[in-house]
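Residue numbers for the sequence shown follow the working numbering, beginning at 12 and rising by one. No residue lacks a Cβ here, since even glycine has one placed at the ideal position from N, Cα and C. The structure displayed is predicted, hence computed values, not measured ones.
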Amino acid sequence: MDTSEAYIQMCDCEEIQQTWAPIVGDYCNPREGFLGHLDSNFVDILYEGHDVYIDAVRCKQQSVFLPRQDQLQEMVGLDLDKLLTRFHYWEDGSGFIKERDELFSMEQLWLAFVMFQLYSKKWDGTKWTG
């Protein structure tokens with residue numbers, strides 16, 4: 012699971028954050044903390060030296076949702092065959108070549124695909140444009 016600063020920055024956009032309905036197993040990055048993982052009705056937020064627990068509502072208000080690869084794939088809303096076919100055509104397309112140099116994990120790659128498919132946006136290294 013990518014929890015890098017780059018992935019956090021990529022996920023910190025209205026399109027991804029609006030879709031989030033926190034459930035057990037979600038990852039989030041508290042705006043004042045390091046990493047959170049939703050476990051039952053609370054988020055276990057790992058701070059330096061101690062754990063802090065907050066509820067899912069506060070988590071959504073105070074955190075950046077970090078979708079896992081499976082969650083990103085579900086966002087596109089296609090069955091597996093169509094999803095992989097569309098992903099292949101996108102990944103093989105000439106418009107993706109420049110953007111590919113900016114992506115360093117499978118989550119970043121799938122997030123770029125989701126943002127292009129659903130919102131016609133591309134990552135320029137600092138923000139989504141399109």
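Asked, Found
"Compute the Euclidean distance between the alpha carbons of Asp-23 and Val-75, then round it to the nearest angstrom.", "6 angstroms"
"Taking C-alpha atoms, which residue in Gln-29, Ala-32 and Pro-78 lies nearest to Asn-40?", "Pro-78"
"Between Tyr-100 and Lys-93, what straight-line distance do the alpha-carbon atoms span, to the nearest angstrom?", "11 angstroms"
"On a Cα-Cα basis, can you pick out the residue from Glu-85, Gly-88 and Pro-33 that is closest to Lys-71?", "Pro-33"
"For Asp-13 versus Ser-116, is the C-beta distance shorter than 7 angstroms?", "yes"
"Could you tell me which of Glu-26, Gln-82 and Ala-17 sits nearest to Met-126, measuring between CA atoms?", "Glu-26"
"Look at the alpha carbon of Glu-59 and the alpha carbon of Gln-80, and state the distance between them as a whole number of angstroms.", "Low per-residue confidence applies at Glu-59: pLDDT is 45, beneath 50, and the placement is therefore not dependable, though the value from the model is reported in the following sentence. Taking the straight line joining both Cα atoms gives about 27 angstroms."
"Going residue by residue through the segment 72-102, where are the continuous beta strand (DSSP E) segments of at least 3 residues, counting only ones entirely within it?", "74-77"
"Whole-angstrom Cβ separation of Arg-42 and Gln-73, contact assumed at under 8 angstroms?", "6 angstroms"
"Quick check: the Cα distance between Gln-20 and Met-86, rounded to an integer number of angstroms?", "19 angstroms"
"Looking at C-alpha atoms only, which residue of Gly-136, Val-35, Asp-103 and Thr-30 is the closest neighbour of Leu-129?", "Thr-30"
"What residues are listed by DSSP as bridge partners for Thr-140?", "Lys-133"
"Name the two residues that bound the continuous alpha helix (DSSP H) containing Ala-32.", "Looking at the DSSP string, Ala-32 is not in any alpha helix (DSSP H), and its letter there is neither H nor E."
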